[in-house]
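Colleague: Residue numbering for the sequence shown follows the working numbering, starting at 46 and increasing by one per position.
All C-beta atoms, glycine included, are put in the ideal place defined by N, C-alpha and C.
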Amino acid sequence: MTTVDCAVIGDGVVGRFTALALAARGLLVSLSGEDAGSSASALSGGLVRAYSADPFLTRLAARSLTSVWLNCPAYRRTGSVHVVPRAGLDRAVLSEMAAAGVPYRVIGGPARHPVRLERGDCAVVEPYGGFVHAGEALRWLADRCRDDAAITRTGPVRQVITHGDGFSLVGTGPAVRARQVIVTAGPGTAALLPPGSAPEVERRRIVYSFVRLGDSGAVPHTLVDTVPDTWMRPAPEQGPGVLLVGRADPMPWNRPGRRDVTDRRTGLRAAEALARRIPALSKAEYLSSVVASDMYATPGHHGDVPAPTATDGLWYVTGLSGGGFKIAPALGERIADRMTASDNDVAQTLYSNDVEGGDHV
Ligand SMILES: Cc1cc2nc3c(=O)[nH]c(=O)nc-3n(C[C@H](O)[C@H](O)[C@H](O)COP(=O)(O)OP(=O)(O)OC[C@H]3O[C@@H](n4cnc5c(N)ncnc54)[C@H](O)[C@@H]3O)c2cc1C
Numbered sequence: 046m047t048t049v050d051c052a053v054i055g056d057g058v059v060g061r062f063t064a065l066a067l068a069a070r071g072l073l074v075s076l077s078g079e080d081a082g083s084s085a086s087a088l089s090g091g092l093v094r095a096y097s098a099d100p101f102l103t104r105l106a107a108r109s110l111t112s113v114w115l116n117c118p119a120y121r122r123t124g125s126v127h128v129v130p131r132a133g134l135d136r137a138v139l140s141e142m143a144a145a146g147v148p149y150r151v152i153g154g155p156a157r158h159p160v161r162l163e164r165g166d167c168a169v170v171e172p173y174g175g176f177v178h179a180g181e182a183l184r185w186l187a188d189r190c191r192d193d194a195a196i197t198r199t200g201p202v203r204q205v206i207t208h209g210d211g212f213s214l215v216g217t218g219p220a221v222r223a224r225q226v227i228v229t230a231g232p233g234t235a236a237l238l239p240p241g242s243a244p245e246v247e248r249r250r251i252v253y254s255f256v257r258l259g260d261s262g263a264v265p266h267t268l269v270d271t272v273p274d275t276w277m278r279p280a281p282e283q284g285p286g287v288l289l290v291g292r293a294d295p296m297p298w299n300r301p302g303r304r305d306v307t308d309r310r311t312g313l314r315a316a317e318a319l320a321r322r323i324p325a326l327s328k329a330e331y332l333s334s335v336v337a338s339d340m341y342a343t344p345g346h347h348g349d350v351p352a353p354t355a356t357d358g359l360w361y362v363t364g365l366s367g368g369g370f371k372i373a374p375a376l377g378e379r380i381a382d383r384m385t386a387s388d389n390d391v392a393q394t395l396y397s398n399d400v401e402g403g404d405h406v
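Laid out in structure tokens, this is it:
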């Protein structure tokens with residue numbers, strides 16, 4: 046039997062950063078995982094930047110970018126362009142970026158450079174945005190977890206049993222006893238929580254494709270277009286001039302895992318949607334596609350992370366709505382702060398959900 050202060054179930058990007066943050070605060074930690082090969086983390090596009098859907102997520106994303114991603118060997122600085130309807134530009138989000146010292150500028154449409162913007166559009170351009178190669182980042186994190194003597198790796202967990210003074214984790218291998226448990230198991234999260242504790246999240250389909258623009262047309266920066274929910278990044282790991290383009294469906298889709306797309310039309314939908322921003326994409330050479338899924342939250346769900354269950358000491362995090370990679374480092378710190386010292390005023394202030402409005406720009 047392994048006895049720890051805190052058990053982290055799920056070794057995706059959130060679980061790994063959480064385990065490291067807990068260990069950095071002096072706790073003994075177990076990190077339980079199964080084959081992460083088809084997890085959202087392993088299949089992630091890995092786009093990182095500070096701009097995000099709301100001020101709270103932006104605070105986490107900005108902190109993650111400046112304190113971790115910029116120094117991560119898997120990070121590629123390309124610059125990032127995020128297109129939003131001008132009416133949807135949230136000034137409180139820009140205030141968070143300014144407060145965090147993240148440089149950016151806002152370009153209004155109509156414009157043809159760096160991407161085509163129509164009247165009524167604008168784009169937030171971040172010179173320090175870019176992407177993290179997900180596989181490389183997960184390996185980097187796995188090495189850091191392995192080198193940390195406070196972290197014990199274990200296999201998948203089948204059941205969490207509640208005792209008066211803590212929890213037992215039952216799965217393959219030796220049992221784990223823990224005072225506190227944090228479940229970050231993506232689609233496996235609900236099955237590990239007590240009945241009635243499951244979060245309100247749904248799975249959504251994300252189709253992404255590799256396309257080649259050719260050397261002359263290669264786009265060096267990342268691009269996110271909010272309507273529809275499409276994104277793109279350079280994919281130099283697939284060869285010169287190759288881009289990774291992805292699109293999240295607005296509808297729920299309840300099939301986990303990853304599969305290859307054989308239907309070329311489906312595979313090209315993201316590239317076609319982004320062609321209104323970068324017209325050369327309409328002539329891109331199609332290479333291959335993958336279908337994956339991620340956990341999407343109902344609006345406002347992320348406002349309470351980690352979320353407590355009715356059982357003291359049992360917490361969960363899931364439903365990061367296609368944006369969990371970029372916030373994972375700060376989310377791990379936030380989770381660790383909440384679990385180690387709920388009266389830690391400094392941490393509470395730093396990561397408070399009560400984001401103030403105002404315009405610092
Ligand atoms: C195609 C795609 C593209 C994306 N692109 C971006 C992007 O560009 N930028 C961005 O910020 N975000 C992006 N995301 C979102 C981001 O990848 C996710 O929000 C994030 O990876 C979620 O991480 P996680 O650790 O919470 O969950 P997961 O990655 O789902 O990890 C959960 C882990 O728990 C394990 N597990 C499950 N059950 C058990 C069990 N019983 N016992 C032990 N372990 C268990 C699983 O094997 C898995 O390894 C993308 C997602 C997808 C799918």
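Is the Cβ-Cβ distance between residue 228 and residue 54 less than 8 Å?
Modeller: Yes; because the gap between Cβ atoms is below 8 Å, this pair is in contact.
Colleague: Whole angstroms are fine: how far does the CA of residue 199 sit from the CA of residue 335?
Modeller: Between residue 335 and residue 199, the C-alpha separation is close to 29 Å.
Colleague: Does the Cβ-Cβ distance between residue 268 and residue 177 come in under 8 Å?
Modeller: No, they are not a contact pair.
Colleague: Just list the beta strand (DSSP E) runs in the stretch 254-278, keeping only unbroken ones of 3 residues or longer that don't cross its boundaries, in chain order.
Modeller: Counting whole runs of 3 or more residues, the stretch 254-278 contains the beta strand (DSSP E) stretches 267-270.
Colleague: Does the beta carbon of residue 206 fall short of 7 Å from some heavy atom of ligand 1?
Modeller: Residue 206: no, Cβ never under 7 Å from ligand 1.
Colleague: Can you give the Cα-Cα distance for residue 100 and residue 246, rounded to whole angstroms?
Modeller: So the alpha carbons of these two residues sit roughly 21 Å apart.
Colleague: With 16 other CB atoms within 10 Å as the buried threshold, where does residue 366 fall?
Modeller: Looking at its Cβ environment, which holds 16 or more other Cβ atoms inside 10 Å, residue 366 is buried.
Colleague: Cβ of residue 65 within 7 Å of any heavy atom in ligand 1?
Modeller: For ligand 1, not one heavy atom lies less than 7 Å from the Cβ of residue 65.
Colleague: What are the boundary residues of the beta strand (DSSP E) that includes residue 221?
Modeller: Where residue 221 is concerned, the enclosing beta strand (DSSP E) stretches over 221-228.
Colleague: From 59, 51, 226 and 87, pick the residue whose C-alpha is nearest to that of residue 70; which is it?
Modeller: Checked all of 59, 51, 226 and 87; the closest Cα to residue 70 is 51.
Colleague: Quick one: grab the DSSP three-state call for residue 360.
Modeller: Of the three classes helix, strand and coil, the one that applies to residue 360 here is strand, per DSSP.
Colleague: Taking residue 225 as the reference, give the member of 77, 233, 359 and 57 with the closest Cα.
Modeller: Per the Cα distances, 359.
Colleague: Starting from the C-beta of residue 333, find all residues in its chain whose C-beta is less than 6 Å away, skip the five residues before and the five after it, and write them out in chain order.
Modeller: Closer than 6 Å at Cβ, skipping near neighbours: 255.
Colleague: Near residue 148, which residues of its chain fall below 8 Å by C-beta distance, leaving aside the five closest residues on each side in sequence?
Modeller: Closer than 8 Å at Cβ, skipping near neighbours: 171, 172 and 173.
Colleague: Measure the alpha-carbon distance for residue 60 versus residue 74 and round it to whole angstroms.
Modeller: When rounded, the distance between both Cα atoms is 11 Å.
Colleague: Would you mind working out which of 220, 201 and 118 sits nearest residue 49, comparing C-alpha positions?
Modeller: Answer by Cα proximity: 220.
Colleague: Just the C-alpha distance for residue 79 and residue 231, rounded to the nearest angstrom, thanks.
Modeller: Using only the alpha carbons, I get a separation of about 12 Å.
Colleague: Rounded to a whole number of angstroms, what is the C-alpha to C-alpha distance between residue 12 and residue 90?
Modeller: For the chain, the structure presents residues 46 to 406; residue 12 sits outside this window and is missing.
Colleague: For residue 337, tell me which candidate among 116, 72, 293 and 47 has the shortest Cα-Cα distance.
Modeller: Residue 337 has its Cα closest to that of 293, out of 116, 72, 293 and 47.
Colleague: State the Cα-Cα distance for the pair residue 92 and residue 364, rounded to the nearest angstrom.
Modeller: Cα-Cα distance, rounded: 17 Å.
Colleague: Tell whether a beta-carbon distance below 8 Å holds between residue 128 and residue 271.
Modeller: Yes, Cβ-Cβ distance for residue 128 and residue 271 is below 8 Å.
Colleague: Three-state secondary structure (DSSP) at residue 108?
Modeller: Correct three-state label for residue 108: helix.
Colleague: Can you tell me which of 284, 107 and 194 puts its alpha carbon nearest to the alpha carbon of residue 64?
Modeller: Taking only the C-alpha atoms, the option nearest residue 64 is 194.
Colleague: Does ligand 1 have even one heavy atom less than 7 Å from the beta-carbon of residue 418?
Modeller: For the chain, the structure presents residues 46 to 406; residue 418 sits outside this window and is missing.
Colleague: Could you please give the first and the last residue of the uninterrupted alpha helix (DSSP H) stretch that includes residue 85?
Modeller: Per DSSP, residue 85 belongs to the alpha helix (DSSP H) from 85-88.
Colleague: Hey, residue 218 and residue 258: beta-carbon distance below 8 Å or not?
Modeller: The answer is no: Cβ separation not under 8 Å.
Colleague: Would you please state the rounded distance, in angstroms, between the beta carbons of residue 76 and residue 196? I believe it to be under 8 Å.
Modeller: Right, the Cβ-Cβ distance comes to about 6 Å (below 8 Å), so this counts as a contact.
Colleague: Suppose the cutoff is 7 Å on Cβ atoms and the five residues either side in sequence are ignored; what does the same chain contact list for residue 167 look like?
Modeller: Taken in chain order, the residues that qualify are 129, 131, 134, 151, 152, 153 and 154.
Colleague: Per the DSSP calculation, residue 322 is bridged to which residue(s)?
Modeller: DSSP, once it has assigned bridges, lists no residue as partnering residue 322.
Colleague: Determine the extent of the beta strand (DSSP E) in which residue 292 is found, giving its start and end residues.
Modeller: Counting along the chain, the beta strand (DSSP E) containing residue 292 begins and ends at 287-297.
Colleague: Give the C-beta separation of residue 239 and residue 385 to the nearest angstrom, bearing in mind that I take them to be a contact with Cβ-Cβ under 8 Å.
Modeller: That belief does not hold up - the Cβ atoms of residue 239 and residue 385 are roughly 23 Å apart, past 8 Å.
Colleague: Where do the N-terminal and C-terminal ends of the beta strand (DSSP E) with residue 236 fall, by residue?
Modeller: Element bounds for residue 236: not the beta strand (DSSP E) but the alpha helix (DSSP H), 234-237.
Colleague: Under three-state DSSP, which class holds residue 340?
Modeller: DSSP places residue 340 in strand when its eight states are reduced to three.
Colleague: For residue 313, which residues from the same chain have a beta carbon less than 7 Å from its beta carbon, with the 5 sequence-adjacent residues on both sides left out?
Modeller: So the list reads 254 and 331, once near-sequence residues are dropped.
Colleague: In angstroms, rounded to a whole number, what distance separates the CA positions of residue 369 and residue 120?
Modeller: Their Cα atoms are separated by approximately 16 Å.
Colleague: With hydrogens ignored, establish whether the beta-carbon of residue 245 is closer than 7 Å to any heavy atom of ligand 1.
Modeller: It does not: the Cβ of residue 245 is nowhere closer than 7 Å to a heavy atom of ligand 1.
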